[in-house]
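Novice: This structure is in structure tokens; I'll ask about it shortly.
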Amino acid sequence: MDGLPKAGSAVRGWPEPGHCRITRASGSEEARQNLVILSDIRFLREGLAAVLTRDGAFVVGVAATLDEALAATAVQSPPIILVDTALPDGRAAVARLRQLAPLAQTVALALSETEADVIAWAEAGVCGYVPRDTPLDELAAFLGKIMGREQVCSSRIAGGMLRWIADMRAAGPLPGATDAAALTAREDQVVRLVAAGLSNKEIARQLAIGLPTVKSHVHNVLGKLGLERRSQVAQWMRVRQPFPVASVTLHAAE
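Position 197 of the sequence shown, counting from 1, maps to 228 under this note's numbering, and the rest follow consecutively.
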């Protein structure tokens, strides 16, 4: 087709692999919102960036890795960070973003809208999600609702989240659990990743440490927190730092 680049040709102004690019669009500086798209699929992140900058509502950065996303938050802060749910170790990336970029709003992109997946990403630390069947021309409006602390979802998901919050509150503090002040900085990182559902191997890869070291940290954490099982760590985290979805208005989709 005329006007389109040939296969393999470079597109002027598009970023080279391994670099974060900030895309600006026309519009008032005050009205625009900062947004970073984290996905290792290039045509996905750049295609969405093109769509979201068309009307000038967003200044968009694209990132293929967690490090690039963090670099983008330093340039455009505090942004919304869209994390592709297909990203390897995506939930671990969310946990790290919440720790290293606490002012950013992290949103799960293209989430399968099941109770299990929504709760899993909620526990990782997202403040909202975009379902995978969201029409492209409604994406900007959908993000606007999330920024306004609203989450559009089905009545089934709303009910599941309310049950999850009720169960979390009913569980209360775990017997014998101590405060996080006893944890080292590294142990605090391990706790967050364990609570996000990562295995020891995934934690080792995320923190770039050996598997035996992770096992040692997990053992020490359980001892310091007075917990008996790994599964109790997530419950301890919920009580210590409840997920922000509890303060998000849930609207049942028609």
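Don't be surprised by glycine CBs; every beta carbon is placed ideally from N, CA and C.
Using a Cβ-Cβ cutoff of less than 6 Å, which residues in the same chain neighbour Glu218 once the five nearest sequence positions on both sides are dropped?
Specialist: Position 187 of the sequence shown, counted from the first residue, corresponds to residue 218. Within the same chain, Cβ atoms closer than 6 Å to the Cβ of Glu218 are found at His248, Val252, the five residues on either side in sequence being excluded.
Novice: Provide the residue span of the alpha helix (DSSP H) that contains Thr244, from first to last.
Specialist: In the sequence shown, residue 244 corresponds to position 213, counting from 1. Its alpha helix (DSSP H) spans residues 242–256.
Novice: Can you check which of these residues, Met268, Lys176, Val82, Ser70, is closest to Asp168 by C-alpha distance?
Specialist: The count along the sequence shown starts at 1 and reaches residue 168 at position 137. Considering only alpha carbons, the answer is Val82.
Novice: Use the C-beta contact count for Gly179: other C-beta atoms within 10 angstroms, 16 or more gives buried, fewer gives exposed.
Specialist: Taking the first residue of the sequence shown as position 1, residue 179 is located at position 148. Counting Cβ neighbours within 10 Å, Gly179 comes out exposed, since fewer than 16 surround it.
Novice: Can Val264 be considered in contact with the ligand FMN, in the sense that its beta carbon sits closer than 7 Å to one or more heavy atoms?
Specialist: Summarising the ligand content, the structure contains no ligands, and the ligand FMN is consequently not present.
Novice: From Val2 to Thr165, what does the alpha carbon distance come to, in whole angstroms?
Specialist: In the structure as shown, the chain starts at 32 and stops at 285, and residue 2 therefore has no counterpart that could be examined.
Novice: How far does the beta strand (DSSP E) with Ile72 in it reach, from first residue to last?
Specialist: On the sequence shown, position 41 is the one that residue 72 refers to. Following the DSSP letters along the chain, one finds Ile72 in no beta strand (DSSP E), marked with neither H nor E.
Novice: I'd like to confirm the pairing. Which residues does DSSP put opposite Pro162 in its beta bridges?
Specialist: Along the sequence shown, read from residue 1 onward, the residue named residue 162 stands at position 131. Beta-bridge pairing links Pro162 to Leu142.
Novice: Taking buried to mean at least 16 other C-beta atoms within 10 Å of its own C-beta, is Thr215 buried or exposed?
Specialist: The sequence position of residue 215 within the sequence shown is 184, counting from 1. Exposed, since its Cβ has fewer than 16 Cβ neighbours within 10 Å.
Novice: Taking only three categories from DSSP, how would you classify Thr116?
Specialist: Taking the sequence shown and counting its residues from 1, one reaches residue 116 at position 85. Looking at Thr116 - three-state DSSP - the assignment turns out to be coil, as it is neither helix nor strand.
Novice: Within 10 angstroms of its Cβ, does Phe74 collect 16 or more other Cβ (buried), or is it exposed?
Specialist: Taking the first residue of the sequence shown as position 1, residue 74 is located at position 43. Under this definition Phe74 is an exposed residue.
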